[in-house]
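Undergrad: Structure provided below as structure tokens; questions to follow.
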Amino acid sequence: MWCPKCCGKTKVVGTTTGTQNERFRTCLVCNYSFSTIEAIKFDDYWRDYAKETFESPFESQEPRAKENK
Numbered sequence: 001m002w003c004p005k006c007c008g009k010t011k012v013v014g015t016t017t018g019t020q021n022e023r024f025r026t027c028l029v030c031n032y033s034f035s036t037i038e039a040i041k042f043d044d045y046w047r048d049y050a051k052e053t054f055e056s057p058f059e060s061q062e063p064r065a066k067e068n069k
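Residue 1 is where the sequence shown starts when you use the UniProt record's numbering, and the numbers rise one by one after that.
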């Protein structure tokens, strides 16, 4: 992550976890301190996409495979 003040590189000084993560950062160039928040975003589109992706590809072919025996 870059510093919002001078665009220098930063390091994580501390982290608070929970339903959202808060990271305390310090710039390595100008010593500016700030915090960032990471939150989980739930999106219905991606939930449906994941559901379709992880279904077995052979589920629809099982009846045909049984008929061929």
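Think of the CB as a built atom: it goes at the ideal place given N, C-alpha and C, for glycine as much as any other residue.
All of these numbers come straight from a predicted model, not from anything done at the bench.
#1: At a Cβ threshold of 8 Å, is Asn21 touching chain C?
#2: My assumption, with CB atoms under 8 Å, is that Leu28 sits in contact with Thr10. Please give the rounded CB distance.
#3: So the candidates are Trp2, Phe24, Cys3 and Gly18; which of them puts its Cα closest to the Cα of Ala39?
#4: Between Cys30 and Lys5, what straight-line distance do the alpha-carbon atoms span, to the nearest angstrom?
#5: Mark residue 89 as exposed unless 16 or more other C-beta atoms lie within 10 angstroms of its C-beta, in which case mark it buried.
#6: Using C-beta distances below 7 Å, list every residue in its chain close to Val13, excluding the 5 sequence neighbours before and after it, in chain order.
TA: Working from what's here:
#1: Among the chains in the structure shown there is no chain C, since it carries only a single protein chain.
#2: 7 Å
#3: Gly18
#4: 8 Å
#5: Because the chain here runs from 1 to 69, residue 89 falls outside it and cannot be looked at.
#6: Phe24, Arg25 and Thr26
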